[in-house]
Structure formats: C-alpha cells, structure tokens
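Protein sequence lines, in the order shown, are assigned to chains A and B.
Taken in order, the first sequence gives residues 15 to 497; the numbers are from my numbering.
Taken in order, the second sequence gives residues 9 to 158; the numbers are from my numbering.
From the three backbone atoms N, C-alpha and C, an ideal C-beta is built for every residue, glycine too.
As the structure is a prediction and not an experimental result, all values here were calculated from the model.
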Amino acid sequence: MGKRIVIDPVTRIEGHSKITLHLDDSGVVQDARFHVTQFRGFEKFCQGRPFYEMPSLLARTCGICPVSHLIAGAKACDDLFAVQIPRTAIMLRRIMNLAQIMQSHALNFFYLSAPDLLLGMEAEREDRNIFGVYAAEPELAKNGIRLRQIGQQIIELLGKKRIHPAWVVPGGVNHPLSPEHRDMIRDMMPEAIDLARSTLDWYKERMHNFQEEISTFANFPSFFMGLVDRLGNLEHYDGTLRVVDAAGNRVVDGHDTLKYFDLMDEAVEPWTYMKFAYLKSIGYPKGMYRVGPLARLNIIDQCGTELADQELREFRGGDKLNEFGGGTEKPVLSSFHYHWARLIEILFAAERIKALLDDPDILSDHVRAHAEPNSFDGVGVTEAPRGTLVHHYRIDKQGLVTWANFIIATGHNNLAMNRGILQVAKDFVSGDAMKPGMLNRVEAVIRAFDPCLSCSTHAVGQMQLQVQLIGPDGAVLAEQTRE
Amino acid sequence: MRTLLIGIGNTLREDDAAGPETVRRFAELYPGLPDLGIVIEQQVMPEHAAMMAEVARVILVDCRVGTDAPGSLRVEKLDENEKESTGTTMDHTMTVNGVLQLCKTLYGHVPETWQVTITGSQFGLSEQVSEEVEKAIPAVVETILEIVKK
C-alpha cells in the first residue's frame with residue numbers, strides 16, 4: 015500500500031502551498047508535487063477596466079514586488095501608446111526596479127533562507143527562524159535589515175510610498191527626481207555595496223557546509239531564460255530574451271519581448287492552481303526552464319559593473335565552484351546557488367543605481383510622454399526579483415481591457431520546482447526513517463527559488479478542479495472533475 | 009527625533025485602517041511638532057527595529073479585534089515581560105513584541121513603547137472605516153497628543 019507525506023503549509027515563502035510526497039510500499043519516494051492552494055483571478059477581473067489603471071491595479075497583486083508589476087504594466091501601456099518614453103523616465107524606472115530587487119533579495123536571503131543557511135537544516139524547528147538568526151549572528155541580521163531598509167527607502171524617496179507606489183505610470187513616471195533625493199539615494203550606495211560584499215564573503219565561507227544540498231537541490235540540466243541588453247549585460251528592465259541550455263549554448267538570442275508568445279507557452283495540471291511555463295519549441299514538459307537570479311547570471315556575457323563582474327567570474331568559472339560540481343564557464347545547475355546569485359544581484363543593483371544617479375540627465379523634469387492609445391495590443395516584459403515578468407493587454411476602442419495575460423516568474427520555474435522537490439525527496443526522505451531535517455530540506459529547495467504565489471496564481475476559468483477518493487490499496491474509488 | 013509615531017494597518021480593509029487614518033489626521037491637526045517622526049505602515053516588520061532603536065519613545069496606533077464595543081480605545085504601555093516574548097517566527101511578519109525584542113538584542117535599546125488600539129468591527133474591502141471607529145478617532149488623536157507631550 016502506498017503512503018503519502020503531506021507538508022502543509024510550506025513555510026517561509028510568499029504565499030500558501032503544500033507539498034505531497036508519494037511513497038511506494040517500501041517507503042521510497044515515487045513522486046512529489048508542489049501544490050499551490052490559493053487562487054486569485056487577476057487575469058479575469060481586470061477585464062473591462064481602463065488600460066491606464068492596469069499598472070496600479072496589477073501592483074496590488076503582490077506586497078513584495080509591486081514595483082515589478084507597476085513597471086511591466088506601465089511598459090505594456092507604453093506599447094499601447096506606441097511611443098518612446100523620455101530617457102530620464104527609463105533611468106528612474108530602472109532605479110526603482112533595482113531598489114526593489116535589492117530589498118526583495120534581502121528579504122529572501124536574510125529573513126527566509128538564512129535560518130537554514132546559518133543554523134543548518136537539522137536545527138530545531140523552534141530555533142529555525144528569524145530570531146534564531148538574530149541570536150546567532152546579530153551583525154548578519156543587522157546587515158539584512160539595513161539592506162532591506164535601503165531598498166525600501168529608495169522606493170519611498172522616488173515614489174513616496176514603500177509599498178504600492180503609484181509613481182510609475184503609462185508614459186513614464188509622474189514626477190522627476192529632486193536633487194535632494196538624488197543625493198540621499200547616492201549617499202546610501204557605498205554602504206549598500208559594503209553590506210553586499212561582506213554578506214557575499216560570509217556566504218561563500220559557509221557554502222562548504224552544504225555540499226549535499228548543493229548537489230541535490232534542483233541540480234539538473236534545464237534551459238535558462240532571461241533578459242540581456244544588446245551587449246549581453248545583466249538586464250532587468252528592457253532588452254531581448256535569451257535562452258541557454260545546460261551546456262551554455264545559446265538556444266535563443268535576441269528574441270523580441272513583444273513576441274514572447276512565440277517562445278513560451280503554459281500548461282495546466284489538475285492538482286495545482288499554478289500553471290507550468292515551458293519552451294514552445296521543445297514542448298511540455300521537456301521544455302522546462304528556469305528564470306530568476308540563477309538563470310540571469312547563467313545567460314549573460316557579463317554583469318556590466320566592476321564588482322559584480324568579479325563575483326560573476328567566481329560564480330561561473332572560479333576554482334571554488336568546481337568542488338561543488340559546477341563547470342568552468344558553464345551554467346551553474348544547482349538551484350541552491352540561487353542564494354549566491356541573489357547576493358551578486360544585490361551588489362550589481364547598488365553599483366548600477368550609483369551609476370544611473372551620476373547621469374547628467376537624471377534630474378531632468380521631462381519624465382513623461384502623453385499620448386492616446388495607438389495600438390489595441392500591448393506587451394510589457396521586465397525582470398522581477400524572481401525572474402521574467404510578462405504583462406500583455408488587449409483593449410477595445412474605448413481603452414477598456416478585453417483580455418489580459420500575465421506570466422509570472424514563479425510560473426516559469428514551476429516545472430523545475432516540482433522536479434527539484436522530487437530530487438531532494440528521493441535523496442533525503444525515506445518513509446521508514448523520517449526526520450524533521452529531511453522535510454525541511456524539501457521545503458528549502460522550494461525556498462531557494464523564492465516563489466511568490468500571490469503573483470503567480472492568477473488564472474480563472476482554465477483550471478480543472480479534481481477531487482479523488484483513494485482507497486487503502488491506492489485505487490481511485492470515486493472522482494469528480496470540474497472543467 | 010525623540011518620539012516615533014507609527015500607524016499600522018491596511019487602508020483597503022475598512023477598520024484595519026484605523027491606525028493609519030488616525031495618524032494621518034494627527035499629522036494634519038498638529039503639523040510640525042518638534043522631535044516627532046511619523047510613519048504609516050501596513051504591518052510591523054524587522055526594519056522597524058532599526059528605526060525604533062534610535063528614539064526614546066514609540067507610539068504604535070493599530071486596530072484591535074476584540075469583544076469590547078467597536079470604537080473602544082485601549083492604551084497600553086508595553087512592559088519588559090512583553091518585550092521578551094518572541095512573536096511570530098515562521099515568516100517575515102512580526103508582532104510588536106517581536107520588534108521590541110529585536111531592538112534589545114540587535115541594537116541594545118528598547119524605547120518606551122505605547123500601544124494605542126481601537127476596536128474594529130468591519131474588515132471588508134473598502135477605504136472607509138466604520139461609523140464607530142470614525143467617531144472614536146478624534147479622541148484617539150487627543151490621546152496621542154497627551155502621550156507625545158509627556
């Protein structure tokens with residue numbers, strides 16, 4: 015008789031989910047599933063709303079990365095306008111996006127994942143939390159709090175609110191940057207760079223303690239996707255889509271973001287509300303790919319900033335990586351290294367913000383283009399902290415949204431997350447000898463991807479709801495399915 | 009800055025906006041009070057510890073779910089025992105007590121902390137607070153002023 019282990023809820027992620035592990039008679043894991051149990055419906059209920067409401071409306075999808083939805087939504091509206099927006103507006107949007115990446119990555123690393131990294135996977139459950147981190151390494155905790163604060167302060171200085179700022183609008187931003195706020199943000203960047211570098215040093219020293227996790231946390235070949243600029247630099251706002259395979263070969267390069275639908279598609283399964291994105295040319299499920307910090311660092315030629323490029327060389331090609339099973343100048347396959355990639359991106363964000371603030375046009379008051387819709391179809395693609403974010407709207411002659419599609423980072427990673435928990439479960443979980451550390455590792459592999467479920471469960475009317483009554487011998491006794 | 013006034017709540021969920029709305033009106037009625045910082049947030053977070061550890065006094069204004077009459081006001085000075093409790097630990101949300109614990113363990117200073125709460129009764133999707141909370145807000149504003157002047 016088969017057994018089932020349920021982890022419900024999965025803790026320290028953004029949203030609600032559960033994991034089921036299906037064991038055979040001898041207690042060996044046969045299958046593992048990451049079930050997203052919450053349901054929202056944004057794609058449906060934004061229909062009929064005026065297009066210009068979309069950035070702010072969609073920002074409400076999430077309290078962690080509202081800026082990403084604001085920016086992707088505003089870019090989709092720019093595409094409806096079919097106009098070029100002012101250069102200063104682009105630079106200001108970039109700064110806010112990078113500030114959000116900084117604070118969101120700090121949240122995952124210091125608040126959600128550090129308990130595992132600092133206290134170990136076998137630590138007592140009551141100690142494995144944010145207070146455990148504070149007790150064990152107060153300086154690390156302070157660094158995390160400060161980095162979060164800096165990211166949030168930048169967002170507030172630009173948009174007047176830390177959460178759900180309405181500053182990014184179709185056509186640009188709604189007010190310019192003042193010299194005073196420019197100086198305040200610029201003054202914080204040296205500290206942010208120092209904090210990021212010291213945390214990288216701290217992490218790289220401790221990474222050696224996690225050899226087994228590195229080798230089993232979603233460590234398998236897959237494709238990687240993200241944005242790059244025209245020079246192959248790390249890009250979070252614009253650019254074109256690039257896909258590399260596990261050997262580092264460019265499978266797709268220079269793909270126009272407005273034609274994202276030629277590149278990817280989404281499948282649904284009856285046991286979860288989250289869709290499964292895959293590469294259209296490869297098919298489902300073999301077209302599994304990963305997005306986010308790990309993928310971004312795997313696809314680029316270089317970051318494009320001095321200090322982040324030093325770290326990238328070590329991440330992708332340095333001698334230290336080889337002992338963890340990575341190859342020189344090849345993509346890093348273990349999803350455990352999302353943590354490392356996040357820290358490098360924090361460093362990059364601080365360097366890039368500093369450079370943007372030094373641009374002589376950053377204080378220009380020409381920050382918004384005004385236009386009426388010139389197109390009935392608009393696409394906005396950006397890189398959110400967790401990966402590539404797609405907003406696509408169609409409108410009628412009155413400017414009301416008739417159809418919307420959102421592909422969220424966590425949906426891109428869904429296939430890889432499911433395969434990742436199966437890999438970890440096979441290695442760490444045995445039905446006959448189950449320990450708390452084992453189950454935490456299964457959760458921790460999900461946490462490494464930093465999924466945001468509130469963003470990624472937005473489809474309505476497409477999901478089957480399947481209810482199965484399963485007898486003790488595993489046979490399905492009754493089944494009801496709602497299409 | 010000597011005193012930090014923090015309004016906590018979701019302004020889209022009726023009475024949960026009691027804290028932010030009260031603090032907003034306080035700032036309108038008494039602009040430019042010396043040595044006073046004002047912050048409005050949806051929830052308390054670890055980052056607040058860094059801010060709170062830099063001031064002598066903190067006043068937190070929040071909504072409370074309770075059995076007493078809607079609009080009831082409660083003023084509590086948090087004591088040392090409460091400051092020692094651990095609060096929520098399994099995610100990135102925190103309790104006030106948890107933040108105070110961080111003030112102590114990370115920054116070595118726990119400010120004098122007042123918690124001012126208003127009992128709410130409606131938490132639907134609206135930016136309007138209930139009639140009872142609306143009526144209570146002027147008195148809460150004056151209570152805050154008394155604490156600020158202490």
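Alpha carbon to alpha carbon, how far is residue j from residue i? Give it in angstroms, no decimals.
{"i": "A:S70", "j": "A:Y298", "result": "33 Å"}
{"i": "A:F95", "j": "A:Y292", "result": "30 Å"}
{"i": "A:K174", "j": "A:G165", "result": "13 Å"}
{"i": "A:A364", "j": "B:E140", "result": "47 Å"}
{"i": "A:E283", "j": "A:A430", "result": "15 Å"}
{"i": "B:G160", "j": "A:Q98", "result": "Outside the shown range of chain B (9 to 158) lies residue 160 of chain B, about which nothing can therefore be said."}
{"i": "B:A35", "j": "B:A77", "result": "27 Å"}
{"i": "A:N432", "j": "A:D279", "result": "18 Å"}
{"i": "A:V265", "j": "A:V381", "result": "37 Å"}
{"i": "A:I177", "j": "A:L112", "result": "15 Å"}
{"i": "A:E397", "j": "A:P465", "result": "14 Å"}
{"i": "B:V49", "j": "A:F59", "result": "The sequence shown places Glu at residue 49 of chain B, rather than the Val named in the question. Using only the alpha carbons, I get a separation of about 27 Å."}
{"i": "A:D39", "j": "A:E457", "result": "24 Å"}
{"i": "A:L214", "j": "B:K143", "result": "53 Å"}
{"i": "A:L241", "j": "A:V395", "result": "9 Å"}
{"i": "A:T75", "j": "B:A61", "result": "32 Å"}
{"i": "A:K344", "j": "B:V31", "result": "54 Å"}
{"i": "A:L161", "j": "A:L37", "result": "42 Å"}
{"i": "A:T230", "j": "A:D323", "result": "27 Å"}
{"i": "A:V43", "j": "A:K440", "result": "5 Å"}
{"i": "A:M105", "j": "A:R330", "result": "29 Å"}
{"i": "B:T94", "j": "A:F145", "result": "Caution is warranted here: a pLDDT of 47 is assigned to B:T94, below 50, making its placement in the model unreliable, and the coordinate value is therefore given only provisionally. Whole-angstrom Cα-Cα distance: 8 Å."}
{"i": "A:D5", "j": "A:L133", "result": "Here chain A covers residues 15 to 497 and nothing more, so residue 5 of chain A does not appear."}
{"i": "B:V170", "j": "A:D208", "result": "Given a span of 9 to 158 for chain B in the structure shown, any question on residue 170 of chain B remains unanswerable."}
{"i": "B:V149", "j": "A:Q167", "result": "27 Å"}
{"i": "A:H83", "j": "A:E170", "result": "16 Å"}
{"i": "A:I296", "j": "A:N263", "result": "15 Å"}
{"i": "B:G45", "j": "A:F290", "result": "47 Å"}
{"i": "A:E328", "j": "B:W122", "result": "50 Å"}
{"i": "B:S80", "j": "B:R65", "result": "24 Å"}
{"i": "B:T75", "j": "B:R82", "result": "13 Å"}
{"i": "B:C71", "j": "A:I360", "result": "36 Å"}
{"i": "A:Q437", "j": "A:L172", "result": "43 Å"}
{"i": "B:E154", "j": "A:P179", "result": "33 Å"}
{"i": "A:Y274", "j": "A:T424", "result": "16 Å"}
For residue i, write down the residues that DSSP places opposite it in a beta bridge.
{"i": "A:H405", "result": "A:G394 and A:F420"}
{"i": "A:G186", "result": "A:V183 and A:R382"}
{"i": "B:C71", "result": "B:I126"}
{"i": "B:H56", "result": "DSSP, once it has assigned bridges, lists no residue as partnering B:H56."}
{"i": "A:V257", "result": "A:M239 and A:V266"}
{"i": "A:P64", "result": "A:L414"}
{"i": "A:D45", "result": "A:H36"}
{"i": "B:I14", "result": "B:V47 and B:L68"}
{"i": "A:F4", "result": "Not covered by the structure: residue 4 of chain A. The range shown for chain A is 15 to 497."}
{"i": "A:Y501", "result": "The question about residue 501 of chain A has no answer here: the residues shown for chain A are numbered 15 through 497."}
{"i": "A:Q316", "result": "A:N247"}
{"i": "B:V83", "result": "B:V124"}
{"i": "A:R304", "result": "A:F238"}
{"i": "B:R21", "result": "B:S134"}
{"i": "A:S348", "result": "A:N233"}
Pull up the CB-CB distance for residue i and residue j, whole angstroms please, since I reckon it's below 8 Å.
{"i": "A:G87", "j": "A:M68", "result": "5 Å"}
{"i": "A:R63", "j": "A:L414", "result": "7 Å"}
{"i": "A:A309", "j": "A:M221", "result": "With 8 Å as the limit, A:A309 and A:M221 do not qualify as a contact, their Cβ atoms being about 19 Å apart."}
{"i": "A:D243", "j": "A:N454", "result": "About 39 Å separates the two Cβ atoms, so there is no contact after all."}
{"i": "B:G132", "j": "B:V73", "result": "B:G132 to B:V73, Cβ: 14 Å. No contact."}
{"i": "A:H269", "j": "A:L255", "result": "4 Å"}
{"i": "A:H49", "j": "A:R356", "result": "With 8 Å as the limit, A:H49 and A:R356 do not qualify as a contact, their Cβ atoms being about 25 Å apart."}
{"i": "A:T102", "j": "A:D375", "result": "5 Å"}
{"i": "A:A383", "j": "A:P190", "result": "So it is not a contact: roughly 14 Å between Cβ atoms."}
Would the C-beta of residue i count as close to the ligand FMN, meaning under 7 Å from any of its heavy atoms?
{"i": "A:Q61", "result": "By its list of ligands, the structure shown contains no ligand whatsoever, and the ligand FMN lies outside what it can speak to."}
Does the stretch 152 to 165 of chain A come close enough to the stretch 9 to 20 of chain B that 3 or more CB-CB pairs lie under 8 Å? no
In chain order, which continuous runs of the alpha helix (DSSP H) of length 4 or greater are located wholly inside the stretch 77 to 128 of chain A? 80 to 95 and 101 to 120
Spell out a yes or no on whether the stretch 398 to 407 of chain A and the stretch 193 to 209 of chain A are touching, meaning 3 or more CB-CB pairs, one atom from each, closer than 8 Å. no
Measuring CB atoms only, is the stretch 269 to 279 of chain A touching the stretch 133 to 147 of chain A, in the sense that at least three cross pairs come out at less than 8 Å? no
Give a yes or no on contact between the stretch 50 to 57 of chain B and the stretch 13 to 26 of chain B, applying the rule of three or more CB pairs nearer than 8 Å. yes
At 4 residues or longer, what runs of the alpha helix (DSSP H) sit wholly inside the stretch 204 to 231 of chain A? 225 to 230
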